[in-house]
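K.L.:
Provided herewith is a single structure, encoded as structure tokens, for subsequent inquiry.
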Amino acid sequence: MEKYIISRLNETINNVTNNMEKFELGAASSHLYNFVYDDFCSFYLEMSKLTNTKEETKQVLYYVLKSIVLMIYPYCPFISEEIYQNLPGHKESIMIEDYPIYDKNMIDQNAIDQVSLLNNMIKDIRNYKVTNKIAPNAEVDLTVVTNDTLFDGFTDYLKRFSFAKEIKLDKKADAKGVSFTYHNATLIIDVKIDVKELKERLSKELEHINQEIKRSEGLLHNENFVKKAPKEKLALEQDKYEKYKLTKRSLEEKLFSIAK
3 MEKYIISRLN ETINNVTNNM EKFELGAASS HLYNFVYDDF CSFYLEMSKL TNTKEETKQV
63 LYYVLKSIVL MIYPYCPFIS EEIYQNLPGH KESIMIEDYP IYDKNMIDQN AIDQVSLLNN
123 MIKDIRNYKV TNKIAPNAEV DLTVVTNDTL FDGFTDYLKR FSFAKEIKLD KKADAKGVSF
183 TYHNATLIID VKIDVKELKE RLSKELEHIN QEIKRSEGLL HNENFVKKAP KEKLALEQDK
243 YEKYKLTKRS LEEKLFSIAK
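Residue numbering for the sequence shown follows my numbering, starting at 3 and increasing by one per position.
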């Protein structure tokens, strides 16, 4: 995990430096923003919660944060100075610090590939839960099909951030469930669903959709509304009505499958 964030940091330093030298300030700031928001804050900081007692992790957090502040300095000099002055071992001013220098020897492509796979799996599990209206903390059983033994070290991360009850590593896909395929692995999700709770939730959604269909039909069958409403509004209401009917059919099919 530490090799990954150091590798991504050096890629970012390289991209930002190259763009700054070409006076492409917008492109440089985009590279920096994406690294800070996606790689450091959204991902590595979350992952470090499992290892923040390790001195190595603390040193990496400090090193990456300081590098970020130094790269942000040309864009936000005053707030960067304020943050810098609160870092341990700071100099009199951030102005006399050396700008981060790209080191290609600090890039470990294997670490980037491995951790990116973990990150994609976590995202896919979370998106699957959102799409299927499953609680974010709902327990799942996972099977990771891969020949790569390096993934063994990622099971703790995957378990923590996907709320997995059990994670099985296998070399062949025998498990049942929803699968996601990657270039060197397959993830199979088996969700443990409370049938009673799911049925109640779907029934409430169906009741709401029926009310919307009734409201929409009332408008579309109202001659005064049809005659006086702008064409755009009428078309919008008709479109909503068709989508309501599709949603109703989907909910009814889900309820029927549960009943079976």
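C-beta atoms are modelled at their ideal positions from N, C-alpha and C, and glycine is treated no differently.
Could you have a look at residue 63 and say whether DSSP puts it in helix, strand or coil?
P.N.:
Numbered from 1 along the sequence shown, position 61 holds the residue referred to as residue 63. In the structure shown, residue 63 sits in a helix (DSSP, three-state: H, G or I).
K.L.:
Since residue 126 sits in a beta bridge, which residues does DSSP pair it with?
P.N.:
Mapped onto the sequence shown, residue 126 falls at position 124. For residue 126, which the question treats as bridged, DSSP gives no partner whatsoever.
K.L.:
Verify whether the separation of the beta carbon atoms of residue 72 and residue 98 is less than 9 Å.
P.N.:
Counting from one through the sequence shown, the residue named residue 72 turns up at place 70. Counting from one through the sequence shown, the residue named residue 98 turns up at place 96. No, these two residues do not count as a Cβ contact at 9 Å.
K.L.:
Going by the beta-carbon positions, is the gap between residue 144 and residue 207 smaller than 9 Å?
P.N.:
One-based indexing of the sequence shown puts residue 144 at position 142. One-based indexing of the sequence shown puts residue 207 at position 205. No, the pair does not count as a contact, with Cβ atoms beyond the cut-off.
K.L.:
For residue 170, does the three-state DSSP call read helix, strand or coil?
P.N.:
The residue labelled residue 170 in the question sits at position 168 within the sequence shown. In the structure shown, residue 170 sits in a strand (DSSP, three-state: E or B).
K.L.:
Is the distance from the Cβ of residue 106 to the Cβ of residue 17 below 9 Å?
P.N.:
In the sequence shown, the residue the question calls residue 106 occupies position 104. In the sequence shown, the residue the question calls residue 17 occupies position 15. Not a contact, by the Cβ cut-off of 9 Å.
K.L.:
Ends of the beta strand (DSSP E) at residue 189?
P.N.:
Residue numbering aside, residue 189 sits at position 187 when the sequence shown is read from its first letter. Segment 188–193, the beta strand (DSSP E) holding residue 189.
K.L.:
Counting only the same chain and skipping the five closest in sequence on each side, list residues whose C-beta sits under 8 Å from that of residue 257.
P.N.:
Counting from 1 along the sequence shown, the entry for residue 257 is found at position 255. Correct list, in chain order: 201, 204, 205, 208.
K.L.:
Would you check if the segment 80–91 and the segment 43–55 touch, i.e. whether three or more CB-CB distances between them fall below 8 Å?
P.N.:
Verdict: no, contact absent.
K.L.:
Please look up how many angstroms separate the CB atoms of residue 117 and residue 39, rounded, as I've assumed it's under 8 Å.
P.N.:
One-based indexing of the sequence shown puts residue 117 at position 115. One-based indexing of the sequence shown puts residue 39 at position 37. With a Cβ gap of about 17 Å, residue 117 and residue 39 do not count as contacting.
K.L.:
Are the Cβ atoms of residue 238 and residue 227 separated by less than 9 Å?
P.N.:
To locate residue 238, count along the sequence shown from 1; it is residue 236. To locate residue 227, count along the sequence shown from 1; it is residue 225. No, these two residues do not count as a Cβ contact at 9 Å.
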